[in-house]
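Some notes on the structure that comes next.
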Amino acid sequence: MTTISETSAAGAGITPGAAGGGLPRVPRSAKAEALIEQADAHTAHNYHPLPVVVAEADGAWVTDVDGNRYLDMLAGYSALNFGHRNPVLLAAAREQLSRVTLTSRAFHHDQFGPFVAELSELCGKDAALPMNSGAEAVETALKTARKWGYQVKGVPEDRAQIITCEGNFHGRTLSIVSFSTDPDARTDFGPFTPGFVSVPYGDASAIEAAITDDTVAVLLEPIQGEAGVLVPPDGYLAAVREVCTRRGILMMADEIQSGLGRTGYTFACDHEGVVPDLYILGKALGGGILPVSAVVADRDVLGVFKPGEHGSTFGGNPLACAVGRAVVGLLATGEYQARARTLGAHLHAALATLPEKMVREVRGRGLWAGVDIDPAFGTGREISERLMARGVLAKDTHGSTIRMAPPLVVTAEELDWAVEQLHSAVG
Ligand SMILES: *Cc1c(COP(=O)(O)O)cnc(C)c1O
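One gets my numbering by counting positions in the sequence shown from 1 and adding 1192 to each.
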């Protein structure tokens, strides 16, 4: 069996901790500039990428077209929890590529049953419904909740309401941005899908107060990632669980970013011993290889769908299921979760040593941190660019927050080095 240390970027070719000076960097070549210009000229400007052009990656490290190496402290927004090109996951993908990649759900295939059974077992649930992107899984959860509301709870036709939280991020489809509170996500995209009510995040009594006879579910992130890694007050998730049970509505946890090892447990809900009615999973479920998402719940909930009522051409395809099974296999060992716990404590201890005047607040859990830099030292974007020049890839969110979420294969030395680079980039 391959151990994590074998899968991490051993011999990354740098000396982590190389005092103060960052890495020797080759300046951006004409080739890199041309690739950036080509992208700018031929795509929508819906992202503002850092000016780095990645050509290769391994473990926690990426290499640009000019041969510069960077420690990846973003990890594809946690789609790369198991590292770039994790050998166990690549082997599963290669093996499946040589057999069958796509059937559509019109037929059974030999990876589907095992994947949904193994994923359900990991979640302690009966059933899993695989999709592709995270947004698609969120949509699937919303549709599940509405149908459950009408068929099981007896809500009158077209009246179902779902409670969501301010500051949420659940994806980019029209129905999902309908309950976003971020003006960038919504402006000029109306009219919006009705049936959602928004309450402050972190306040279970606000949820209770918003419940009516037509409420079918609460949708929340156990930790709000895009909002800046906002950890709710202790006891919040347990209180939401209690309210949902008592009032007969579904608790739906979007663990797309917080789940699958990131916070030191399989799910961020595990920190409070909470089991939601639906888990919404994505990102790392595809092992950084392809999009794989899923809704996982008990049969009395997911059982509301009949043939033809929901689906996806690619959802649950053989390649996705083979990779997803390998991901579930990695998580079943508990090794990655343990690593995120230990290294997370290490990362947070290192971040706590940053000078008080530089850092307003550090939030997070496990290998996940939102670091609010005092704006006097630069915008989040400027600091991300300075970090890039020092060989660390991270991304700002909401102004002056730097988000740190490295692949879980990162080492303690690499984390120390990244925090040193952050210190130098800020000061
Ligand atoms: C990324 C993310 C999504 C959307 O996933 P996509 O694959 O980008 O559609 C939904 N919810 C959360 C919490 C996320 O972090």
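C-beta: ideal position from N, C-alpha, C; glycine also.
Opening and closing residue of the alpha helix (DSSP H) in which residue i lies
i            : result
residue 1253 : Careful: residue 1253 lies outside any alpha helix (DSSP H), inside the beta strand (DSSP E) at 1253–1256.
residue 1606 : 1604–1618
residue 1513 : 1510–1524
residue 1228 : 1222–1234
residue 1400 : 1396–1402
residue 1437 : 1428–1439
residue 1368 : 1366–1369
residue 1377 : 1375–1378
residue 1393 : Residue 1393 -> no alpha helix (DSSP H), and no H or E assigned at all.
When the options are compared against residue i, the one with the closest alpha-carbon
i            : options                : result
residue 1584 : 1597, 1553, 1292, 1398 : 1597
residue 1455 : 1487, 1571, 1535       : 1535
residue 1605 : 1220, 1299, 1539       : 1539
residue 1345 : 1271, 1441, 1567, 1390 : 1441
residue 1570 : 1552, 1556, 1557, 1561 : 1552
residue 1573 : 1562, 1586, 1582       : 1586
residue 1447 : 1416, 1358, 1331, 1561 : 1416
residue 1510 : 1223, 1294, 1261       : 1294
residue 1356 : 1412, 1607, 1467, 1385 : 1412
residue 1352 : 1325, 1330, 1303, 1408 : 1408
residue 1508 : 1379, 1521, 1350, 1324 : 1324
residue 1505 : 1296, 1254, 1450       : 1296
residue 1279 : 1444, 1263, 1522, 1365 : 1522
residue 1331 : 1594, 1368, 1342       : 1368
residue 1242 : 1457, 1220, 1615       : 1220
residue 1284 : 1473, 1338, 1566, 1520 : 1520
Where the beta strand (DSSP E) through residue i begins and ends
i            : result
residue 1136 : The structure shown does not extend to residue 1136, since the chain is modelled only from 1193 to 1619, so the question has no answer here.
residue 1357 : 1353–1357
residue 1277 : Per DSSP, residue 1277 belongs to no beta strand (DSSP E) and is neither H nor E.
residue 1565 : 1561–1565
residue 1485 : 1485–1489
residue 1664 : The chain is shown from 1193 up to 1619; residue 1664 falls before or after that span and cannot be answered.
residue 1475 : Residue 1475 -> no beta strand (DSSP E), and no H or E assigned at all.
residue 1410 : 1407–1412
residue 1314 : It is not in any beta strand (DSSP E) - residue 1314 instead sits in the alpha helix (DSSP H) that spans 1304–1315.
residue 1266 : Counting along the chain, residue 1266 falls outside any beta strand (DSSP E), and DSSP gives it neither H nor E.
residue 1589 : 1587–1589
heavy atom of ligand 1 below 8 Å from residue i C-beta
i            : result
residue 1592 : no
residue 1599 : no
residue 1335 : no
residue 1312 : no
residue 1345 : no
residue 1557 : no
residue 1330 : yes
residue 1474 : yes
residue 1427 : no
residue 1361 : yes
residue 1354 : no
residue 1588 : no
residue 1342 : no
residue 1269 : yes
residue 1217 : no
residue 1409 : no
residue 1390 : no
residue 1417 : yes
residue 1485 : yes
residue 1446 : yes
residue 1326 : yes
residue 1378 : no
residue 1364 : yes
residue 1358 : no
residue 1627 : Residue 1627 is absent from the model: the chain starts at 1193 and stops at 1619.
Where residue i falls, given that 16 or more other Cβ within 10 Å makes a residue buried
i            : result
residue 1232 : exposed
residue 1238 : exposed
residue 1515 : buried
residue 1307 : buried
residue 1298 : exposed
residue 1305 : exposed
residue 1202 : A caution first: residue 1202 carries a pLDDT of 39, below 50, which makes its placement in the model too unreliable to give a value.
residue 1235 : exposed
residue 1266 : buried
residue 1612 : buried
residue 1383 : exposed
residue 1688 : Residue numbering for the chain in the displayed model covers 1193 to 1619; residue 1688 lies beyond these limits and cannot be assessed.
residue 1544 : exposed
residue 1218 : exposed
residue 1459 : buried
Per the contact definition of three or more C-beta pairs closer than 8 Å, is the segment 1386–1403 in contact with the segment 1427–1446? yes
Taking 8 Å as the cut-off, does the segment 1369–1383 touch the segment 1313–1332 (at least 3 CB pairs, one atom from each stretch)? no
If contact is defined by three or more beta carbon pairs under 8 Å, each pair taking one atom from either stretch, is the segment 1406–1423 in contact with the segment 1357–1366? yes
Decide if the segment 1494–1508 is in contact with the segment 1276–1291; the criterion is three or more beta carbon pairs, one per stretch, under 8 Å apart. no
Looking at C-beta atoms only, is the number of pairs between the segment 1377–1391 and the segment 1420–1429 that lie closer than 8 Å three or more? no
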